[in-house]
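What follows is one structure encoded as structure tokens, with my remarks underneath.
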Amino acid sequence: MILGTKAIGLVASGTLALNIWGGPRHLGVNTNANVKASPKAESGERPGLLKKFFERAAIGTGTLSAKSGTTLTIAKDTKSFTVLTDSNTQFRRKFWGKSSLSEMKVGDKVTVIGQWTDTNHTSIQAKLVRDLSIQKRSGVFFGMVKSLTPDGWVISTKRGDETVTVSTLTKLVNRRQQPIVQADIKVGDRVRVKGLWDKVANTLTEVVQVKDFSLPVLGSGSPSPTPTATP
């Protein structure tokens, strides 16, 4: 390889030849031999971002053993962890729906992601708490009314019996999308329910709509007038 006059001069002056093609300098490497290493580099201290990474914490599936205010105690294997929560902590259900601290109960299975607050790794400031025992999700369910309750019905579905609770915010319609009232829905009617399903409790709450496909009863409408032949 033949070096140009400028390259030869650089080598002769003691500058690294790789500078010709933007080598170490291009990659952010300081080629000045007189520049001393920073105190952090000499002491072996990790850069700030890397140090933060190593402070991150995660607890696999553990058991909620206690609740006190905004503090949780999680038991996992033979260890006990203190989990601190605040307004920045996100709470999620098993199916990733939004949850809250008040919805969690002692005995629930939970996972936690956050940052350690102590060197012994026993206390965590939580960023995310997921309660695997709260198995609720929004969905649409079809079934047949099995029995009536003061606040709704028990319907029979492919998953089994589900207890439906309605409120004044629930929209009740027949198959023609016409408004009906709760008393119109009878045992044996085929219905569609849109609401929040709790897999553990077998309930449907926060119901936004119930559609009764059995109403109006077939043949119950006003008879159409018989056309009269014009002489």
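With our numbering, letter number 163 in the sequence shown gets 152, and the count goes up by one each step, no holes.
Built from N, CA and C at the ideal position, the CB exists for glycine as well.
Assuming contact is defined by CB atoms lying nearer than 7 Å, are residue i and residue j in contact in what I supplied?
i, j, result
"LYS125", "LEU185", "yes"
"SER54", "ALA47", "no"
"VAL155", "GLY141", "yes"
"MET133", "ARG179", "yes"
"GLN198", "LYS175", "no"
"THR152", "VAL196", "no"
"LEU121", "ASN163", "no"
"LEU73", "THR60", "yes"
Given that a residue counts as buried once 16 or more other Cβ atoms are within 10 Å of its Cβ, and exposed if not, what is residue i?
i, result
"ARG82", "buried"
"ASP201", "buried"
"VAL129", "exposed"
"VAL189", "exposed"
Who pairs with residue i in a beta bridge, going by DSSP?
i, result
"GLY141", "THR138 and THR154"
"GLN104", "ARG45 and GLN114"
"THR192", "THR152 and ASP187"
"VAL182", "PHE130 and VAL199"
"LYS68", "LYS65"
Taking only three categories from DSSP, how would you classify residue i?
i, result
"SER76", "coil"
"GLY208", "coil"
"ALA115", "strand"
"ASP120", "strand"
"ALA172", "helix"
"SER89", "coil"
"SER148", "According to the sequence shown, residue 148 is Arg rather than Ser. Three-state DSSP puts ARG148 in coil, outside helix and strand."
"ASN163", "strand"
"LYS83", "coil"
"THR59", "coil"
"VAL99", "strand"
"LYS125", "strand"
* Determine, using beta-carbon pairs with one atom in the region 107 to 123 and one in the region 70 to 80, whether at least three such pairs fall under 8 Å. => Between the region 107 to 123 and the region 70 to 80 there are three or more C-beta pairs closer than 8 Å, enough to call the two in contact.
* Does the region 146 to 154 come within contact of the region 83 to 97, defined as at least 3 CB pairs closer than 8 Å? -> no
* Is the region 161 to 172 touching the region 98 to 114 in the sense that three or more CB pairs, one from each, lie closer than 8 Å? -> no
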